[in-house]
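Here is the structure we will look at.
Numbering (our numbering), first residue to last: 16 to 74.
Following this line, the structure appears as structure tokens:
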């Protein structure tokens with residue numbers, strides 16, 4: 016299961032057209048995987064809330 020999940024994440028990252036979007040996706044996945052009850056972009060330490068809007072069209 017872990018191998019499939021890792022493969023999916025790497026596939027999603029490879030589909031992002033720019034490094035900026037890859038970093039945003041990594042930050043969003045990090046928020047999701049932390050599961051601390053604060054999965055909203057404004058709680059991200061590495062990215063601003065505004066940077067998540069362009070990538071949300073892919074999700």
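The beta-carbon is built from N, C-alpha and C at its ideal position, and this holds for glycine as well. Bear in mind the structure is a predicted one, so any value in this text is a computation, not a measurement.
Check, Outcome
"For residue 33, name the three-state secondary structure that DSSP assigns.", "coil"
"Please identify the residue among 19, 28, 24 and 47 whose C-alpha is closest to the C-alpha of residue 37.", "28"
"Which term fits residue 42, buried or exposed, when burial requires 16 or more other beta carbons within 10 angstroms of its beta carbon?", "buried"
"So, for residue 44: in the same chain, excluding its five sequence neighbours on each side, which residues have a beta-carbon less than 6 Å away from its beta-carbon?", "none"
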